[in-house]
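Visitor: Here the numbering used here = 1-based position in the sequence shown + 720.
Even for Gly, the Cβ is constructed at its ideal location relative to N, Cα and C.
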Amino acid sequence: MIHFKAIGKVMGALLMLLALLMLPGVAFALYFESGDEKALLYAALASLSTGGILFFSFSKQDQNIRKREGYMIVSLSWLLMSIFGMLPFIFSGTITNFSDALFETVSGLTTTGASILNDIEATPKGVLFWRSMTQWIGGLGIIVLTVAIFPLLGIGGIELFVAESPGPTSDKLHPRIRETAKRLWFVYMGLTFFAGLLYYLGGMTFYDAVNHALTTLATGGFSTKNASMAYYTSPFIQYTAILFMFLAGTNFTVIYFGLTGKFTRVWKSDEFRAYATVIILLALLLTIPVYYYSGQELEKSFRDTLFQIISLITTTGYVTADYTGYHVGLTLLFFMMLFIGGSAGSTAGGIKFVRHLTFFKNSWLEFKRIVHPRAVVPLKINGDRVTGKIITHIMNFLLIYLMIFTFGSIVLALMGYDMLTSFGAVATCLGNVGPAIGKVGPMDNFAFFDPFTKVVLSFLMLLGRLELFTILVLFTPFFWRAN
């Protein structure tokens, strides 16, 4: 039996927290006199009152949150946060219809970065800050944040962390899940602070520096400028973005070990070595053709190439150049990067390096098993043996991911969109990237899609952010059967 009352209390606490996170935007609205402070206050009040009713109505309930409740809370919380998170857009008149507001909010919370706004710079400052804040909230997962503070509310969190944890495994920095969540968020907040400081020192205004710091560490890619990072021609700012996008796409436990001087454990990570190596090799491989086709200086070509590679692989989605304008072969290579993803345990979306690494290692070992059928050939990641259960889980994930991409592309094509746009929109939303190919390239947006398509793409963003199984398991009969 599923404990719906326990779920209701947790959902209430989440909404109250969401309301508090809307308030910083009020300060910017008042400072810039942008006139949207009431919209943010009304949205916060709606979230706070609804959350308060849910929380206090079920405050005496036994909080026995098991795995099934954990998956329901994570799935429903993202849906509920998306609904209440779009209220500032609607109340301020920035976005006037449901499908557009839902798309923009889901894109923020899932750190996809796809947008329907045609003139970002005309958006009121308070609401624009809230737009960036949605990505920061979703970056490491609001559930991990609440795991750290829920014990204060009398709510446990282990099942929530398991359901929310990005990637096939959850490295524990501390045996107590609350301490793990706290340390992850301290790293997250610390990196956000230093990114904002460097952006400010590089020439951004305080407002722009804060916004870009939030969306960089979230690997979200929302910008305060219509031209995204291409607006800032400063090499210092762009290399700062490169550095922090790379860090945000790294497993946060690896970053924690690096910050505490445990460098051996950093380099012991097979995923981190693969992640760094692939980025370096791609940058070296593609700089020369980009230099040839763009006609720019070599350093600028290298910077644009490295920037776009890291932006796409980490699913950040910032743009400094139109990679679809170089050559069709280069466009295809950049498109394929939408299917890579960052490291497990990072704020990046996508398939994740550890899954690719497991797949390729297992495929390579399969040749050895064919030659020596009686030999026991274990697959190891980070020196540890990977169980058959995990391998099966990863193979199933890759197959389902490909099936959803194919089916989603067919649906968009049947609705009248061209093939490249259909492929690009589904790939970028499912991978939580942002820019793609076709009519959703790095210099375009998603405003032209019809309302139904925007809802479909919003669902794909949620599927990708919660790594497929967290949502799909709710549609199986096994989930609803009583124990």
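With a threshold of 7 Å on Cβ separation, who are the neighbours of ALA933 within its own chain once the five nearest residues in sequence on each side are excluded?
Guide: Closer than 7 Å at the Cβ level, and outside the excluded window around ALA933, lie THR912, ALA915, GLY916, TYR919.
Visitor: Does GLU789 come out as helix, strand or coil in the three-state DSSP assignment?
Guide: Of the three classes helix, strand and coil, the one that applies to GLU789 here is helix, per DSSP.
Visitor: What is the DSSP secondary structure of ARG1201, reduced to helix, strand or coil?
Guide: In the structure shown, ARG1201 sits in coil (DSSP, three-state: anything other than H, G, I, E or B).
Visitor: Are LYS945 and ILE810 closer than 8 Å when you measure CB to CB?
Guide: Cβ atoms of LYS945 and ILE810: not closer than 8 Å.
Visitor: Please go through the same chain and pick out, in chain order, the residues whose beta-carbon is closer than 7 Å to the beta-carbon of LEU1032, but skip the five residues on each side of it.
Guide: Cβ neighbours of LEU1032 beyond the five flanking positions: PHE1054, MET1057, LEU1058, VAL1153.
Visitor: Assuming GLN855 is part of the alpha helix (DSSP H), what are its boundary residues?
Guide: 845-860 is the extent of the alpha helix (DSSP H) around GLN855.
Visitor: Taking its Cβ as the centre, do 16 or more other Cβ atoms sit within 10 Å of VAL751, making it buried, or is it exposed?
Guide: Per the sequence presented here, residue 751 reads as Tyr, with Val not at that position. Its Cβ having fewer than 16 others within 10 Å, TYR751 is exposed.
Visitor: Are the CB atoms of ILE857 and MET792 nearer to each other than 8 Å?
Guide: No, these two residues do not count as a Cβ contact at 8 Å.
Visitor: Counting Cβ pairs closer than 8 Å, one from the stretch 1023-1043 and one from the stretch 1112-1123, do we hit at least three?
Guide: Judged by Cβ distances under 8 Å, the stretch 1023-1043 makes no contact with the stretch 1112-1123, as fewer than three pairs qualify.
Visitor: Starting from the C-beta of TRP987, find all residues in its chain whose C-beta is less than 8 Å away, skip the five residues before and the five after it, and write them out in chain order.
Guide: Taken in chain order, the residues that qualify are ARG993.
Visitor: Could you check where the alpha helix (DSSP H) with ASP928 kicks off and where it finishes?
Guide: Unbroken alpha helix (DSSP H) run through ASP928: 926-937.
Visitor: For the alpha helix (DSSP H) that contains ASN1116, what are its first and last residues?
Guide: Taken as a continuous stretch (DSSP letters only), the alpha helix (DSSP H) holding ASN1116 covers 1108-1134.
Visitor: Per DSSP, ILE1090 is paired with what?
Guide: BP columns for ILE1090 are empty, so no partner.
Visitor: Could you name the residues of the same chain whose beta carbon sits closer than 7 Å to that of GLY1151, not counting the 5 residues immediately before and after it, in chain order?
Guide: Around GLY1151: THR1035, LEU1058, PHE1059, GLY1061, GLY1069, GLY1070, GLY1184.
Visitor: Can you tell which of LEU1134, SER948, SER989 has the C-alpha that lies nearest to the C-alpha of GLY833?
Guide: Ranking LEU1134, SER948, SER989 by Cα distance to GLY833 puts SER948 first.
Visitor: Indicate the three-state DSSP secondary structure (helix, strand or coil) for ILE875 in the structure shown.
Guide: Residue confidence for ILE875 is low, a pLDDT of 48 falling below 50, so the modelled location carries little weight and cannot support an answer.
Visitor: In chain order, what residues of the same chain have a beta carbon less than 7 Å from the beta carbon of ASN812, not counting five sequence neighbours either side?
Guide: For the record, residue 812 in the displayed sequence is Ser; it is not Asn. Same-chain partners within the cutoff: ASP756, ALA759, PRO844, VAL847.
Visitor: Go ahead and label THR960 buried or exposed: buried means 16 or more other beta carbons lie within 10 angstroms of its beta carbon, across all protein chains shown.
Guide: Its Cβ being crowded by 16 or more others within 10 Å, THR960 is buried.
Visitor: Could you tell me the distance, in whole angstroms, from the CA atom of PHE849 to the CA atom of PRO1093?
Guide: Approximately 59 Å between the Cα atoms of the pair.
Visitor: Which residues does DSSP list as the beta-bridge partners of LYS668?
Guide: Coverage of the chain is limited to positions 721 through 1203, which leaves residue 668 absent and any answer about it impossible.
Visitor: Please classify TYR995 as buried or exposed, where buried requires at least 16 other C-beta atoms within 10 Å of its C-beta.
Guide: Per the 10 Å Cβ criterion, buried.
Visitor: Distance check for GLY859 and VAL974, CA to CA, integer angstroms please.
Guide: So the two alpha carbons sit approximately 17 Å from each other.
Visitor: Measuring straight from C-alpha to C-alpha, what distance separates ASP990 and PHE1073?
Guide: Looking at the two C-alpha atoms, the distance is approximately 10 Å.
Visitor: State the start and end residues of the unbroken alpha helix (DSSP H) segment that holds SER779.
Guide: Here SER779 belongs to no alpha helix (DSSP H), and DSSP marks it neither H nor E.
Visitor: Can you tell which of MET731, ILE1110, TYR762, VAL1160 has its C-alpha closest to the C-alpha of TYR1043?
Guide: Out of MET731, ILE1110, TYR762, VAL1160, VAL1160 has the C-alpha closest to the C-alpha of TYR1043.
Visitor: Can you tell which of ILE1008, GLY923, TYR908, PHE1087 has its C-alpha closest to the C-alpha of LEU967?
Guide: The candidate whose alpha carbon is nearest that of LEU967 is TYR908.
Visitor: Residue range of the alpha helix (DSSP H) that LEU1194 falls in?
Guide: Careful: LEU1194 lies outside any alpha helix (DSSP H) and carries neither H nor E.
Visitor: When you compare each of LEU735, ALA749, THR1141 to TYR927 by their alpha carbons, which one comes out closest?
Guide: When only C-alpha atoms are compared, the closest one is ALA749.
Visitor: Over what stretch of residues does the alpha helix (DSSP H) that includes ALA1139 continue unbroken?
Guide: Here residue 1139 is Met; the residue named in the question, Ala, does not match the sequence. Note, MET1139: alpha helix (DSSP H), 1139-1150.
Visitor: Contact between the stretch 1174-1192 and the stretch 1094-1111: three or more CB pairs below 8 Å?
Guide: These segments do not touch.
Visitor: Measure the Cβ-Cβ separation of ILE836 and PHE1166 and say whether it is below 8 Å.
Guide: Cβ atoms of ILE836 and PHE1166: closer than 8 Å.
Visitor: Taking Cβ to Cβ, would you say TYR1046 is nearer than 8 Å to VAL1010?
Guide: Cβ distance < 8 Å, so TYR1046 and VAL1010 count as in contact.
Visitor: Return the bridge partner residues of ASP1104 from the DSSP annotation.
Guide: ASP1104 is bridged to ILE1101.
Visitor: Which residue wins for smallest C-alpha separation from PHE1179, given the options PHE1168, ALA1145, SER779?
Guide: Residue ALA1145 is the option with its Cα nearest to PHE1179.
Visitor: Can you tell me whether ILE1130 is buried or exposed? The criterion is at least 16 other CB atoms within 10 Å of its CB, across all chains shown.
Guide: Exposed, because fewer than 16 other Cβ atoms sit within 10 Å of the Cβ of ILE1130.
Visitor: What's the gap between the Cα of THR1107 and the Cα of THR1040?
Guide: So the alpha carbons of these two residues sit roughly 42 Å apart.
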